[in-house]
Amino acid sequence: MDSIILRILMDGDSYGYEISKEISDRTREKFQIKEATLYAVFQRLEKKGFIKSYYGDRSHGGKRKYYTITARGKMYLDEMTEEWQEIKEIMAIFLEESAN
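Quick note: the sequence shown, position 52, residue 52 per full-length UniProt numbering, numbers continuous.
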């Protein structure tokens, strides 16, 4: 989940609902994240220094809390992307073997 949120934030700052909608849209609604889970991930990422939050201008009655990825978050995302690529390659080997 961390990597997904960090990847979305690479495209620009965003707020909770927008990130949740982006995840749902990109996965054609195959994956949806509950609000409580999303905000728990935000807290964890912010505590680790991978993201920062700030309040934007008032919109439709309230201030939105936006999230932005930090340099540390970008480095972490790069590391996780490499790990996922390796796992994907290993899984492909085993899945290919089971298909034969």
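Cβ atoms here follow ideal geometry from the backbone N, Cα and C, with glycine treated the same way.
Owing to the predicted nature of the structure, the values given are computational and were not obtained by experimental measurement.
Which residue marks the beginning of the alpha helix (DSSP H) containing residue i, and which one marks its end?
i           : result
Gly16       : 16-26
residue 109 : One cannot answer for residue 109 here, as it falls past the ends of the chain, which runs 1 to 100.
Phe42       : 35-47
By how many angstroms is the C-alpha of residue j removed from the C-alpha of residue i?
i     : j     : result
Lys48 : Lys21 : 24 Å
Arg58 : Met75 : 32 Å
Ile33 : Gln43 : 15 Å
Ala92 : Asp13 : 34 Å
Tyr55 : Glu89 : 41 Å
Thr81 : Asp11 : 16 Å
If we count the other Cβ atoms within 10 Å of its Cβ and call it buried at 16 or more, is residue i buried or exposed?
i     : result
Leu6  : buried
Tyr67 : buried
CB of residue i to nearest heavy atom of the ligand NAP: below 7 Å?
i     : result
Leu77 : The ligand NAP is absent from the structure shown, which contains no ligands of any kind.
Give the single residue among the options whose Cα lies nearest to the Cα of residue i.
i    : options             : result
Ile4 : Arg28, Glu35, Val41 : Val41
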